C-alpha cells in the first residue's frame, strides 16, 4: 500500500509537469488551431535558461534558497515568453491564413532548428549537463513515504501557476479576448480584439508555462540536454489531446492522468520497458472512444 | 496510357538490371547513395499516395518501414543458412513480400480505427502508432531489442532497389489515374461531397493506408539488406518527418515532383557533409523558408486547387 502511495506522489509530480507543458499546446491550439511542435523545445530552453540564471542569481543570494529558486523560475519564464513570441512572429505569423498543414510542417521545422542549433558545440553542445540544485534538497519521511522537497515544490508551483492562469483567462481583459478569439476569431476581430496581440500574448503565456515545466523537470531529474523536449513534448501533447484539446482544465487533467499511469507502469516489471509506448496507447484508446478528449466538446461537422 | 506506362516500367527494370550488372565498376560510396535514393523514392511515392493523393496526414511511415524491415531481416537471417545459395534471391523476394504484407496489415490496423479522425488528430495518432511500433521493436528480444539486428546479408543491389522503385511509381501512378483511383482524389478534395457521390471515403482511406504501408514495408526490407544493420532508433519520428518533407517539397500529390525531392533530399546531406556541424541546421531552416516561400512544393508550377 505504501508503494502505491509513493508511486502516486511520483506520478503526480511528473503529471504536473506534463500538465504545465500541455497547457501551452492547448492554448495555442485554442487560438490558432494548429499543433505547435516547437513547444517541447521551448520547455528545453526553459530548463537551459534556468541553468544559466542560477549562477547569476547566486551572486547576490545564497545558493539553494527558495527565494533564489523563485527568481530563477521567473527570469526563465520571462525569457521563454519572449522566445515564444519571437517564434510566432518570425515563423507562424507569415503563414497565418495558409492551410494548416503548411503551418504544421513549419512548426516541425522550427522544432528541428531549435534542437540542432542547441546541439551545436558553440551553443549548448549535445552532452547532458547537471542542473544545479536550486532549493535546499531535503526529503521527508511520512509514514514510510519518501517525499522530496523538489516534488513538493513541483506541486505547489504548478498549483499556483494554474490559479494564476485561471485568473488571467477568466478575469482579465486580455483573457476574455483570448477566449473570444478561441470561440470565434472573426467575430472577435469585429468586436475590436487586436488579433496579433492576443496571439502573441497566448504564445508568451504558453511558453512561460513550458519554461516553468522545464525548470521543475530539471529540478526533479537534475540532468538536461538539448533533446529533452522531444519525448516530453510529445507526451505533453498527448496529455492535451487526452484532456480535450483547447480545454484548459482538460490539459491539466490529461497531464496528471498520463504522469500517474506512466509512473505506475514503470513500477510494474513486465510493463516498465513499454513505458514510452503507454502514453500513445492511452491516446489511441481515448481518441477511439472519445475523439474530442475527456473534457472536450464534440464538434459537429457542417456541410 | 496504361500500355505506355507498362513499357516504361519494363524499360526502367531492364535499365536497372543492366546498370546493376556493371555495379562492381562503381565507387562503393556513390553506389550506396544511389541505392539510398531508390529506397527513398519508394518511401516518398508510397507516402504520397496517403498524404498527397488521398489528403490524409500520416506521420507514421517510418513505423511501417520498421515492420517491413524487421520482418524481412528476421526471415533472411533464420533461413539463409538452411537454403542453398542459389535460392537466396528467391528468399529475398519472399522476405520482402512478407515484410510488405505485414506492414500492409499494420496499415490496416492503423487505418480502420483512425477513420473517424482527420487532420491534426490523424497526424498524432499515426505518430503514436509509429512510436508504439518502435517501442515494440526496442523491447522485443527476438528483434535484438535496443541493440538491433546485425549481420543481415547484403542483398540489396542497384537492380533490386531501382526495379522496385520503378514498380512503386508504376503501381501508384496507374492506381491514381485509373477510374477506381479517381476516388482517392475525390476524398482528398472533399470527403463529404465524395460520400454524396457514392464514393466510400472510408474504403479509399483504408486502401491508401494499406497500399502505402505495403510499399513502405518493402522499402524497409531493402533498407535492412542495404545497411545490413537495423536499430529501433533509425525508425523514430524523425525518419517519418524526413519522408513527409520529401512529399511536401515535391508538392503533395505530384509523383514526378516527389521523386525529384526524394533524390535532392537524399543528396543534400551528402553534399553538406563538409559542413557537418551545420547541415541539420541548414536542413531545418530550409524547411521553414520553403514553407513560407513555396508551400505548394518546389516543383509545383500549376496552381493547385483549393
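Chains as they are written, first to last, in the numbering used here: chain A, 2 to 304; chain B, 3 to 308.
We put the CB at the ideal spot given by N, CA and C, even for glycine.
A quick note: this is a predicted structure, and the numbers were derived from the prediction, not measured.
According to DSSP, residues forming a beta bridge with residue i
i, result
"residue 131 (chain A)", "A:224"
"residue 149 (chain A)", "A:140"
"residue 232 (chain B)", "B:151"
Opening and closing residue of the alpha helix (DSSP H) in which residue i lies
i, result
"residue 80 (chain B)", "63-81"
"residue 188 (chain A)", "186-191"
"residue 293 (chain A)", "Taken as a continuous stretch (DSSP letters only), residue 293 (chain A) belongs to no alpha helix (DSSP H), as it is neither H nor E."
"residue 69 (chain A)", "67-88"
"residue 162 (chain B)", "160-179"
"residue 2 (chain A)", "No alpha helix (DSSP H) holds residue 2 (chain A); DSSP gives it neither H nor E."
"residue 285 (chain B)", "281-295"
"residue 99 (chain A)", "Neither: residue 99 (chain A) is in no alpha helix (DSSP H) and is coded neither H nor E."
"residue 143 (chain B)", "No alpha helix (DSSP H) holds residue 143 (chain B); DSSP gives it neither H nor E."
"residue 42 (chain B)", "30-49"
"residue 245 (chain B)", "239-252"
"residue 49 (chain A)", "40-59"
"residue 261 (chain B)", "257-273"
"residue 94 (chain B)", "90-116"
"residue 238 (chain A)", "229-244"
"residue 265 (chain A)", "249-268"
"residue 191 (chain B)", "184-191"
Whole-angstrom C-beta distance between residue j and residue i, which should lie under 8 Å
i, j, result
"residue 100 (chain B)", "residue 77 (chain B)", "6 Å"
"residue 170 (chain B)", "residue 274 (chain A)", "At roughly 35 Å, the Cβ-Cβ gap does not stay under 8 Å, so residue 170 (chain B) and residue 274 (chain A) are not in contact."
"residue 151 (chain A)", "residue 136 (chain A)", "7 Å"
"residue 10 (chain A)", "residue 146 (chain A)", "7 Å"
"residue 55 (chain B)", "residue 186 (chain B)", "5 Å"
"residue 263 (chain B)", "residue 252 (chain B)", "3 Å"
"residue 241 (chain A)", "residue 156 (chain A)", "That pair is no contact at about 20 Å."
"residue 105 (chain B)", "residue 259 (chain B)", "Actually they are not in contact, since the Cβ atoms of residue 105 (chain B) and residue 259 (chain B) sit about 25 Å apart, beyond 8 Å."
"residue 119 (chain B)", "residue 112 (chain B)", "About 11 Å separates the two Cβ atoms, so there is no contact after all."
"residue 283 (chain B)", "residue 114 (chain A)", "7 Å"
Practice prompt. Evaluate the contact criterion for the segment 211-222 of chain A versus the segment 257-271 of chain A: three or more CB pairs, one atom per stretch, below 8 Å.
Written response: In this structure the segment 211-222 of chain A does not lie against the segment 257-271 of chain A, because fewer than three pairs of beta carbons, one per stretch, are closer than 8 Å.
Discussion item. Using a Cβ-Cβ cutoff of 9 Å, what residues of the segment 118-150 of chain A are near chain B? List them in chain order.
Written reply: Across the segment 118-150 of chain A, CB contacts with chain B closer than 9 Å involve 118, 120, 121, 122 and 123, in sequence order along the chain.
Worksheet item: Given 8 Å as the limit, is there contact between the segment 83-94 of chain B and the segment 236-251 of chain B, that is, 3 or more CB pairs closer than that?
Response: With the cut-off at 8 Å, the segment 83-94 of chain B and the segment 236-251 of chain B do not touch.
Discussion item. For the segment 272-296 of chain A, list every residue whose C-beta sits within 7 Å of some C-beta in chain B, in sequence order.
Written reply: Contact annotation: in the segment 272-296 of chain A, residues whose CB is within less than 7 Å of a CB in chain B are 274, 275, 277, 278, 281, 282, 284, 285, 288, 289 and 292.
Discussion item. Three or more C-beta pairs under 8 Å: does that hold for the segment 184-203 of chain B against the segment 77-91 of chain B?
Written reply: Contact between the segment 184-203 of chain B and the segment 77-91 of chain B is absent, because fewer than three Cβ pairs lie under 8 Å.
Item to complete: Give a yes or no on contact between the segment 44-56 of chain A and the segment 69-78 of chain A, applying the rule of three or more CB pairs nearer than 8 Å.
Response: Touching, per the Cβ criterion.
Worksheet entry | Interface positions of the segment 79-98 of chain A facing chain B (Cβ-Cβ less than 9 Å), listed along the chain | Closer than 9 Å at the C-beta level to chain B, one finds these residues of the segment 79-98 of chain A: 91, 92, 95 and 96.
Worksheet item: Are three or more beta carbon pairs between the segment 237-249 of chain A and the segment 23-42 of chain A nearer than 8 Å?
Response: The answer is yes - the segment 23-42 of chain A touches the segment 237-249 of chain A, with three or more Cβ pairs under 8 Å.
Worksheet item: With a cut-off of 8 Å, do at least 3 Cβ pairs link the segment 273-287 of chain A to the segment 59-66 of chain A?
Response: The segment 273-287 of chain A, when compared against the segment 59-66 of chain A, does not touch it at the 8 Å Cβ threshold.
Worksheet item: Do three or more CB pairs link the segment 163-177 of chain B to the segment 18-32 of chain B at distances below 8 Å?
Response: Counting C-beta pairs with one atom in each stretch, the segment 163-177 of chain B and the segment 18-32 of chain B have three or more that are closer than 8 Å, which means they touch.
Item to complete: Spell out a yes or no on whether the segment 226-241 of chain B and the segment 57-75 of chain B are touching, meaning 3 or more CB-CB pairs, one atom from each, closer than 8 Å.
Response: By the Cβ criterion, the segment 226-241 of chain B is in contact with the segment 57-75 of chain B, since at least three pairs of Cβ atoms, one from each stretch, lie closer than 8 Å.
Worksheet item: Between the segment 223-230 of chain A and the segment 117-126 of chain A, do at least 3 Cβ pairs fall closer than 8 Å?
Response: The answer is yes - the segment 117-126 of chain A touches the segment 223-230 of chain A, with three or more Cβ pairs under 8 Å.
Worksheet entry | Under 9 Å (Cβ pairs) to chain A, residues found in the segment 207-235 of chain B | Those residues of the segment 207-235 of chain B that come within reach of chain A (Cβ to Cβ, closer than 9 Å) do not exist; the list is empty.
Worksheet item: Do the segment 274-292 of chain B and the segment 99-116 of chain A touch if we need at least three Cβ pairs shorter than 8 Å?
Response: The answer is yes - the segment 99-116 of chain A touches the segment 274-292 of chain B, with three or more Cβ pairs under 8 Å.
Worksheet entry | Residues from the segment 211-244 of chain A in contact with chain B, defined by Cβ distance under 8 Å | Of all residues in the segment 211-244 of chain A, 231, 235, 238, 239 and 242 have a Cβ within less than 8 Å of some Cβ in chain B.
Worksheet item: Of all the residues that make up the segment 41-54 of chain A, which are near chain B by a beta-carbon distance shorter than 7 Å?
Response: Residues passing the 7 Å Cβ filter: none.
Discussion item. Using 8 Å as the cut-off, can you tell me whether the segment 286-300 of chain A makes contact with the segment 248-259 of chain A, which would need three or more C-beta pairs spanning the two stretches below that distance?
Written reply: Remark: three or more beta-carbon pairs, one from each stretch, lie closer than 8 Å, so the segment 286-300 of chain A and the segment 248-259 of chain A are flagged as touching.
Worksheet item: Three or more beta-carbon pairs under 8 Å between the segment 45-59 of chain B and the segment 213-226 of chain B, yes or no?
Response: Judged by Cβ distances under 8 Å, the segment 45-59 of chain B makes contact with the segment 213-226 of chain B, as three or more pairs qualify.
Worksheet item: At a Cβ cut of 8 Å, what residues of the segment 48-80 of chain B count as close to chain A, listed as they run along the chain?
Response: Those would be 59, in chain order.
Worksheet entry | Near-chain A residues of the segment 286-299 of chain B (beta-carbon distance less than 7 Å), N- to C-terminal order | Listed by position, the residues of the segment 286-299 of chain B near chain A (Cβ gap below 7 Å) are 286, 287, 289, 290, 293, 294 and 297.
Discussion item. Output needed in chain order: residues of the segment 18-39 of chain A with a Cβ under 9 Å from some Cβ in chain B.
Written reply: Legend: CB atoms of the segment 18-39 of chain A lying less than 9 Å from CB atoms of chain B belong to residues 30, 34, 35 and 36.
Fill in: the segment 177-192 of chain A in contact with the segment 40-51 of chain A per 3-pair CB rule at 8 Å
Cβ pair count under 8 Å is below three, so no.
Worksheet item: If we count Cβ pairs, one from each stretch, closer than 8 Å, do we get three or more for the segment 231-239 of chain A versus the segment 95-109 of chain A?
Response: Counting Cβ pairs under 8 Å, fewer than three are found: no touch.
Practice prompt. Check distances from the C-beta atoms of the segment 256-285 of chain B to those of chain A and list, in chain order, the residues that come in under 8 Å.
Written response: The residues in question are 279, 280, 282, 283 and 285.
Worksheet entry | Where the segment 140-168 of chain B meets chain A: residues whose CB sits under 7 Å from a CB there | Hits within the stretch, in order: 141.
Worksheet item: Got a sec: which bits of the segment 193-205 of chain A sit with their beta carbon under 8 Å from any beta carbon on chain B, in order along the chain?
Response: Within the segment 193-205 of chain A, no residue has a Cβ that lies closer than 8 Å to any Cβ of chain B.
Discussion item. With three or more C-beta pairs closer than 8 Å as the rule, is the segment 181-195 of chain B touching the segment 23-41 of chain B?
Written reply: In the pairwise beta carbon analysis, the segment 23-41 of chain B is classified as not touching the segment 181-195 of chain B: fewer than three pairs are separated by under 8 Å.
Practice prompt. Please name the residues in the segment 159-170 of chain A whose beta-carbon is closer than 9 Å to at least one beta-carbon of chain B, in chain order.
Written response: Per Cβ criterion, the list is empty.
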